[in-house]
Each structure stands twice: as structure tokens, then as C-alpha cells.
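Residue numbers (my numbering): 903 to 1041.
Structure, rendered in C-alpha cells:
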């Protein structure tokens, strides 16, 4: 299995990437898992994502853990927060429209209390509409 893990350098993402990379590496207990976890500089999801057909086909699963998470600053830097949390999600959904997605959100998206949680709710709505959601995790 080949996983594209977006947000793998964040607090939660780095822990999950480590677990995925350290599981049974020879494939005898679990399927072998290969994880690509590009940094935000290597893959800027706030811009349209341009990959070759081969690049898009090599992934079996997309994990989206990236987010603008500076909750208090999100009130001031709304454009940056929206670009990462909503537009970034939509860009990934457009690029990987036929791949299963694990989406990591926040418990506050259910009942938004600030701009950050409003953008996470908008991103969740986009993922649900995509119909490829396999698992939603709220932290």
C-alpha cells in the first residue's frame, strides 16, 4: 500500500507517519506500507496540484492531516486559514477524486465556535460531498 500523507510534519501527523512507517516492514503480518509525507514547501495544497498521471495512480490512500491550526491567529489571518483548510482540501479532492481519503478534522467542526472551526466544517462538507471519505478522525 502506498500512502500520501499530507500534514505529516505536524504534531499529530508526524506521530501517525512514524507509526505507519514502523509497522511490519517485510509484509508478513500486515501489508507493506510506503508513506510519502511531503512538507508544505514540497507540496503546497493551497495551489492547484499538478501531478503526472503516474504520480496520481501510485497512491492507494490519501491521508489529509494538514491544517492551519493557529486558532487565535486564524481570526486575523482568515485568508491564509481558508486557503489551507478549505481550498487545500478541495485541491486534494480534485486531484485524487478517485482515491479513498482519511480526513483529520476537529471536534469543533460539528458546532463551530470560531473562524478556524468554520473552515474545518467547510472542509468536512467538501470531503463528504466527494464520496471517497473512508474515515474521519476528529482530534
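C-beta: ideal position from N, C-alpha, C; glycine also.
From a predicted model like this one, the values you see are computed outputs, not experimental measurements.
So, at 8 Å on beta carbons, what are the nonlocal neighbours of residue 995 in its own chain, with the 5 sequence-adjacent residues on each side left out? 1003, 1028, 1029, 1032, 1034
How is the beta strand (DSSP E) around residue 938 delimited, first residue to last? Per DSSP, residue 938 belongs to the beta strand (DSSP E) from 936-938.
Measure the C-alpha to C-alpha separation of residue 1020 and residue 907 and round it to an integer number of angstroms. 23 Å
So for residue 1015, helix, strand or coil by DSSP? coil
Write down the C-beta distance between residue 1025 and residue 965 rounded to the nearest angstrom, noting that I regard them as a contact closer than 8 Å. About 14 Å separates the two Cβ atoms, so there is no contact after all.
Suppose you measure from the CA of residue 909 to the CA of residue 956; what does that come to, to the nearest Å? 22 Å
Residue 1018 and residue 958: beta carbons closer than 8 Å? no
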